[in-house]
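Peer 1: Encoded as C-alpha cells, here's the structure I'll be asking about.
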Amino acid sequence: MLEIKNLHARIVDDGTEIIRGLNLTVKAGEVAAIMGPNGSGKSTLSYILAGREDYEVTEGDILYNGQSILEMDPAERAAAGIFLAFQYPMEIPGVATMEFLKVAMNEQRKARGEEPLKIPEFLKRVKDAAALLNMDMAMLKRPLNVGFSGGEKKRAEILQMKLLEPKLCVLDETDSGLDIDALKIVSEGVNALRAPDRAMVIITHYQRLLQYIVPDSVHVLYRGQVVKSGDKSLALDLEANGYAGVIGEAA
Amino acid sequence: MPAVQDTIDRVRKIDVDQYKYGFQTEIAMDKAPKGLSEDIIRFISAKKDEPSWMLEWRLEAYRRWVTLEAPTWARVHYPKIDFQDIYYYAAPKSTPGPTSLSDVDPELLKVYEKLGIPLREQEILAGVQKTDVSELEEPSDNVYKSGRVAVDAVFDSVSVVTTFKKELAQAGVIFCSISEAIREHPELVQKYLGSVVPTSDNFYATLNSAVFTDGSFVFVPKGVRCPMELSTYFRMNEKNTGQFERTLIIAEEGAYVSYLEGCTAPQRDENQLHAAVVELVALDDAEIKYSTVQNWYPGDAEGKGGIYNFVTKRGDCRGDRSKISWTQVETGSAITWKYPSCILRGDDSSGEFYSIAVSNGYQQVDSGTKMIHLGKNTSSRIISKGIAAGFSQNTYRGQVSAHRKATNARNFTNCDSLLIGDQCGAHTVPYMEAKNATAQFEHEATTSKISEDQKFYVMQRGIPEEEAIALIVNGFVKDVIQQLPMEFAVEAQKLIGISLEGSVG
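Respectively, the protein sequence lines represent chains A and B.
Start counting the first sequence at 1; every next residue gets the next number (full-length UniProt numbering).
Start counting the second sequence at 1; every next residue gets the next number (full-length UniProt numbering).
This is how it looks when you write it as C-alpha cells:
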C-alpha cells in the first residue's frame, strides 16, 4: 500500500537535509511502527507523507497504491485516504468540532464524487464514534481543540480518524502527553480500526504504546534512514538495550 | 435613450405640438452638467419637487461645504478627487454602461456564479443596459427562494412590495424613499433630518446634505414593534441614486426596528465616489438594529476602478434605556472610510458595534466606531474583526469617550486582526477619553496570522486550501456573524470565503 523509495527531503527554508535515502514498504493490513531517537526524522517523515509544503523532496518517490503522491497537496492526499494524527493538534477558534467534522467528511465525499451525508446519518456516526472513545458529545460543540486537554486532543484526533475512514493512518507520537487510562482508550480506538484493507504507520518514541497497539513490523529510523527492520521483538530489544546498539551497527 | 426617443417620434407622428408638452426641454434637462454649484442644487431640488425649506437646507449645506477641505487623517491613499468633474444628478440610464454580460469584468461574473445568482440578476447587478425590455423574462428558477430575502425582493415585482407596504401600514410603520417622505411627511423630516448628523458635520456629510438624491426613510411609531426586517430591497430604488444616499430611521418610544442594508452580490456602479449619510434616532426604550453588508466593486486585480465609500453613519440614543446596534460586514469598495457611531445621550442607553472588515487585493479600509457616552449608566460594546489579505491595508479606528456627567459609563472593546500572507497590513488606532472617574473602559486587541500549521492541519482533513482559509476566517469572525439576521449570516459567511479567494498560493 505504501512504498517509500530512496527518499531524500530537505527543509525548504534553509536546505537542511532531514530524510536521506529512506526506504520503507507497508502492506495493506499491516501495522508498522517507526522508532528512533530524537531528531532522526520521524515527525518529518509524517509531514512529508501528508504533503506539508515546508519540505521538499529532492530525490526518490512515495507510492501510495502504486501511484506517486508527490504532486498532490495535503487535501488531495487526505481525500485519497491518507490520515495523519498530529502530535500537536492545532486549535481552530470559533469552529465547533462538530462543524469541522461535517465539513471535513463532506469535502472528502465531494472529492470522491459522493453526495454529502444526511444530517441524521452524520450525527449517528459521530455519536457512535464518540461513545467508542469515551468522549462527551458536549465537548464536540466546543471549538476544535481549543482548551482541550492533551488527552482530549488525542482522542479528538482518533475520532476524526475513525470518521474519515482513511486507508493509510499515520500516527505521530500519539502516546505523548497521555496518562495510562487515556492511552488505553486511544489504543483501543486505534485497534478497532485495524482492518485488512488499512495500513498504519505508528511513530513513537517508546515501546509503551506498542504494548497496546501490537505492530506487525518495527523500523528504526536514524539520520533520515531506516537502519534496521524487524518484528515486534525489535521494539522490546530497543527498550531493553537502547538505540546505541542499532545505531552503532548502522554507523 | 431609445425609449424616450421613441415617444418623441410617436408624438411627432400624431402631430402634437411638441413645445406644448415640453418634451424636448424635458429631455435636455434630464441630466445636469458636471460639477457643483447653487444652480445644480436648485435643479436637483426642483427635479424632486421639494418644498422650499428643503432647498434652503441644501443650499446652506452647500455654502458651508465650499469652505471645507477634504479630510486627510484616515489611513487611506487615493488621487485627489475633482469635485467639479462629477455628475450630481443623472437621470436613469443616461450614462453609458455595459450592454451585455460579455462586456462585464469576467472576474465579477465568476463571483456571481459562485453565489448562485441567475443570469438575469447578474445582468441587473452588473448594470447591463437592455435596450429591449422583452429580453428580461420572468425569473423561472427557485434556486434562491429560501433565505434570500434581500436579493429576491428586487425582482419579485411590485406586488411583493405593495404587500409588504400594506402590512407595514397596518402597523403604522412608514417605510418609503426619503424623497417621498419629504413630500408626504415633511413635519417628521424637518424634525429629525440633520439632527444626528448636522449639515456642518464633516466634509462628506456636508456634501451629501447639499446633493443627496435619494435614500430610505423609516418611522416606527410609539410602542410598535416593526413586524418584519426592513431591507433596502423592499423599497424599489430609483436607479443611480446610490451615490449620495440619505437614510433616516426614527424609532419612537418603545418601538423596535431591524433594518438591513446592502446585498451580498457585488454591485457595479458607474459612480466612483459614494458619500452616504445614515441617521438613526431612538427615543425612550426604543431599539434600532442596523445591519449592513457592503460589497461594492473593489476594483480589478491592480485595484483600478473600485468604489470610494466615504460614509457617515450615526445613531442617537436620544431617549432613556434606548439601544442602537450596528452590525457590518464590509468586503467591497476600493477605499472604505466609515465609522458607524452611537451617541449615548439617554440614561441607561446602550450602543453596540459589531464589524467584520475584509480586505484583499489593493483595498484600503479605515473603519471603526465612536461611542460617545453622555448619559448616566450608559454602556457600549465594540467587537471588531479585521481580516487583511493580498496587498491590502486594514485599519480599525475607534473612539470611546465619557462625558463629565456620564457616571458609570461602561465600554468593552475587542479588536482582533487577522493577516493572510505577508504583504498586507492591519492597524488598530483606539482613542479613549474618560472625563468621569466612574467610567470603566476595557480594551482588548490581538493581531494574528493564519499559521501554516493551522492551514496544513485543516487541509490534512481533506479540506482544500481556499475552503480551509474560509473555515479558519469564519471561525475568527463568528462572534460578529452571530449578530446578523439568519439569512444574512449564511450569505455573509459565503461572501467572506469568496472575498478571500486568490489570497493564497
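Even glycine gets a Cβ: it sits at the ideal position worked out from N, Cα and C.
1) Assign L49 (chain A) to one of three DSSP states: helix, strand, or coil.
2) Under 8 Å between beta-carbons, which chain A residues line up against Y457 (chain B)? List them in chain order, please.
3) Can you round the beta-carbon distance between T327 (chain B) and S367 (chain B) to whole angstroms, since I take them to be within the 8 Å contact cut?
4) Short of 7 Å in beta carbon distance, which residues of its chain neighbour V221 (chain B), apart from the five on each side in sequence? Order them along the chain.
5) DSSP state of V257 (chain B), grouped into three classes?
6) Run through DSSP, which three-state label would N414 (chain B) get?
7) Any Cβ of chain B within less than 8 Å of the Cβ of P143 (chain A)?
8) My guess is that L36 (chain B) and V211 (chain B) are in contact by the Cβ rule of under 8 Å, so how many angstroms apart are they, rounded?
9) Between residue 506 (chain B) and E330 (chain B), is the Cβ-Cβ spacing less than 8 Å?
10) Counting only the same chain and skipping the five closest in sequence on each side, list residues whose C-beta sits under 8 Å from that of residue 252 (chain A).
11) So with CB distances below 9 Å, who are the chain A contacts of L471 (chain B)?
12) Only counting the same chain, and skipping five residues up and downstream in sequence, which positions put a Cβ closer than 6 Å to that of G177 (chain A)?
13) Cβ closer than 7 Å: which chain A residues qualify as neighbours of K494 (chain B)?
14) Taking the beta carbon of R246 (chain B) as the centre, do at least 16 other beta carbons fall within 10 Å, making it buried, or is it exposed?
15) Check whether the Cβ of E107 (chain A) lies closer than 8 Å to any Cβ atom in chain B.
16) Cβ of Q393 (chain B) less than 8 Å from any chain A Cβ?
17) Run through chain B and tell me which residues come within less than 8 Å of L193 (chain A), C-beta to C-beta.
18) Which residue wins for smallest C-alpha separation from R314 (chain B), given the options B:L168, B:E491, B:A276, B:I182?
19) Could you check what DSSP says for R225 (chain B) in three-state terms: helix, strand or coil?
20) For E91 (chain A) and C424 (chain B), what's the separation of their Cα atoms in angstroms?
21) In angstroms with no decimal places, state the Cα-to-Cα distance between R75 (chain B) and N309 (chain B).
22) Check each candidate in A:T174, A:L22, A:M200 and name the one with the smallest Cα separation from residue 258 (chain A).
23) Keeping to the same chain, check which residues put their C-beta closer than 8 Å to that of V12 (chain A); ignore five residues upstream and five downstream.
24) Starting from Y64 (chain A), trace the beta strand (DSSP E) in both directions and tell me its first and last residue.
25) Any C-beta of chain B within less than 8 Å: which residues of the region 159–172 of chain A qualify?
26) Using a Cβ-Cβ distance under 8 Å, would P116 (chain A) count as near chain B?
27) Under 8 Å between C-beta atoms, does R155 (chain A) make it to chain B?
28) Would you tell me roughly how many angstroms separate the C-alpha atoms of A434 (chain B) and S379 (chain B), rounded to the nearest one?
29) Give, in chain order, every unbroken run of the beta strand (DSSP E) that is at least 3 residues long and sits entirely within the region 359–407 of chain B.
30) How close, in whole Å, do the beta carbons of N408 (chain B) and K376 (chain B) come, if the pair is a contact with beta carbons under 8 Å?
31) Please report whether the beta-carbon of D54 (chain A) lies at a distance below 8 Å from any beta-carbon of chain B.
32) Name, in chain order, the residues that DSSP records as bridge partners for K228 (chain A).
33) Quick one: residues in its chain with C-beta nearer than 7 Å to the C-beta of N23 (chain A), no 5 flanking neighbours on either side, listed in chain order?
34) Taking its Cβ as the centre, do 16 or more other Cβ atoms sit within 10 Å of Q483 (chain B), making it buried, or is it exposed?
35) At what residues does the beta strand (DSSP E) containing A282 (chain B) begin and finish?
36) Answer yes or no: does any C-beta atom of chain A fall closer than 8 Å to that of I356 (chain B)?
Peer 2: Working from what's here:
1) Residue 49 (chain A) sits at position 49 when you count from the first residue of the first sequence. Reduced to three states, the DSSP call for L49 (chain A) is helix.
2) Start at 1 with the first residue of the second sequence, and residue 457 (chain B) comes out as number 457. Chain A residues near Y457 (chain B): F86, P89, M90, I92.
3) Indexing the second sequence from 1 puts residue 327 (chain B) at position 327. Indexing the second sequence from 1 puts residue 367 (chain B) at position 367. Actually they are not in contact, since the Cβ atoms of T327 (chain B) and S367 (chain B) sit about 13 Å apart, beyond 8 Å.
4) Here residue 221 (chain B) refers to the residue found at position 221 of the second sequence. Reading the sequence as shown, one finds Pro at residue 221 (chain B) and not Val. G172, E252, A255.
5) In the second sequence, counting from the first residue as 1, residue 257 (chain B) sits at position 257. DSSP places V257 (chain B) in strand when its eight states are reduced to three.
6) Taking the first residue of the second sequence as 1, we reach residue 414 (chain B) at position 414. N414 (chain B): strand per DSSP, three-state reduction.
7) Sequence index remark: in the first sequence, residue 143 (chain A) carries index 143 (1-based). With 8 Å as the cut-off, P143 (chain A) counts as an interface residue toward chain B.
8) Along the second sequence, one-based indexing puts residue 36 (chain B) at 36. Along the second sequence, one-based indexing puts residue 211 (chain B) at 211. Right, their Cβ atoms sit about 7 Å apart.
9) Nothing can be reported for residue 506 (chain B), as the shown portion of chain B is limited to 1 through 505.
10) There is simply no residue 252 (chain A) to check, as chain A begins at 1 and stops at 251 in what is shown.
11) Translated into positions along the second sequence, residue 471 (chain B) becomes position 471. Within chain A, the residues near L471 (chain B) are I92, V95, E99, F100, V103.
12) To locate residue 177 (chain A), count along the first sequence from 1; it is residue 177. Answer for G177 (chain A): G150, listed in chain order.
13) Your numbering for residue 494 (chain B) matches position 494 in the second sequence. When 7 Å is used as the limit between beta carbons, K494 (chain B) is near no residue of chain A, the shortest such separation being about 13 Å.
14) As a working note, residue 246 (chain B) is residue 246 in the second sequence. Looking at its Cβ environment, which holds 16 or more other Cβ atoms inside 10 Å, R246 (chain B) is buried.
15) Position 107 of the first sequence, counted from the start, is the residue given in the question as residue 107 (chain A). Cβ-Cβ to chain B under 8 Å: yes for E107 (chain A).
16) Taking the first residue of the second sequence as position 1, residue 393 (chain B) is located at position 393. No, no contact with chain A.
17) Locating residue 193 (chain A) in the first sequence gives position 193, counting from the first residue. Those within 8 Å of L193 (chain A) in chain B number zero; the least Cβ separation is about 16 Å.
18) Translated into positions along the second sequence, residue 314 (chain B) becomes position 314. Of the candidates B:L168, B:E491, B:A276, B:I182, the one whose C-alpha sits nearest the C-alpha of R314 (chain B) is B:A276.
19) To locate residue 225 (chain B), count along the second sequence from 1; it is residue 225. The answer is strand: DSSP assigns R225 (chain B) an E or B state.
20) Numbered from its first residue, the first sequence carries residue 91 (chain A) at position 91. Numbered from its first residue, the second sequence carries residue 424 (chain B) at position 424. Each residue's Cα considered, the two are about 24 Å apart.
21) Here residue 75 (chain B) refers to the residue found at position 75 when the second sequence is read from its first residue. Here residue 309 (chain B) refers to the residue found at position 309 when the second sequence is read from its first residue. Taking the straight line joining both Cα atoms gives about 14 Å.
22) For residue 258 (chain A) there is no data in the structure shown, the boundaries of chain A being 1 and 251.
23) As a first step, residue 12 (chain A) must be located in the first sequence, where it is residue number 12. Closer than 8 Å at Cβ, skipping near neighbours: E53, D54, Y55, E56.
24) Numbered from 1 along the first sequence, position 64 holds the residue referred to as residue 64 (chain A). It spans 55–64 - the beta strand (DSSP E) in which Y64 (chain A) sits, taken as one unbroken run.
25) Q160, L164
26) Reading the first sequence from its first residue, position 116 is the one you call residue 116 (chain A). For P116 (chain A), no Cβ of chain B is located within less than 8 Å of the residue's own Cβ.
27) Working through the first sequence from its first residue, we reach residue 155 (chain A) at position 155. It does not: the Cβ of R155 (chain A) has no partner Cβ on chain B nearer than 8 Å.
28) In the second sequence, residue 434 (chain B) corresponds to position 434, counting from 1. In the second sequence, residue 379 (chain B) corresponds to position 379, counting from 1. Distance between the alpha carbons of A434 (chain B) and S379 (chain B) is about 13 Å.
29) 364–373, 379–388, 393–402
30) Position 408 of the second sequence holds residue 408 (chain B). Position 376 of the second sequence holds residue 376 (chain B). About 6 Å separates the beta carbons of N408 (chain B) and K376 (chain B), which is inside the 8 Å limit, making them a contact pair.
31) Position 54 of the first sequence holds residue 54 (chain A). For D54 (chain A), the answer is yes, since a Cβ of chain B falls inside 8 Å of its Cβ.
32) What you label residue 228 (chain A) is simply residue 228 of the first sequence in a count that begins at 1. In the DSSP output, where bridge partners are listed per residue, K228 (chain A) has A:V220.
33) Locating residue 23 (chain A) in the first sequence gives position 23, where the first residue counts as 1. Within its own chain, the residues whose Cβ lies closer than 7 Å to the Cβ of N23 (chain A), once the five positions on either side in sequence are excluded, are I4, K5, N6, V226, listed in chain order.
34) The residue given as residue 483 (chain B) occupies position 483 in the second sequence. With 16 or more Cβ atoms within 10 Å of its Cβ, Q483 (chain B) is classed as buried.
35) Position 282 of the second sequence holds residue 282 (chain B). Per DSSP, A282 (chain B) belongs to the beta strand (DSSP E) from 277–282.
36) Here residue 356 (chain B) refers to the residue found at position 356 of the second sequence. Output row for I356 (chain B): interface = no.
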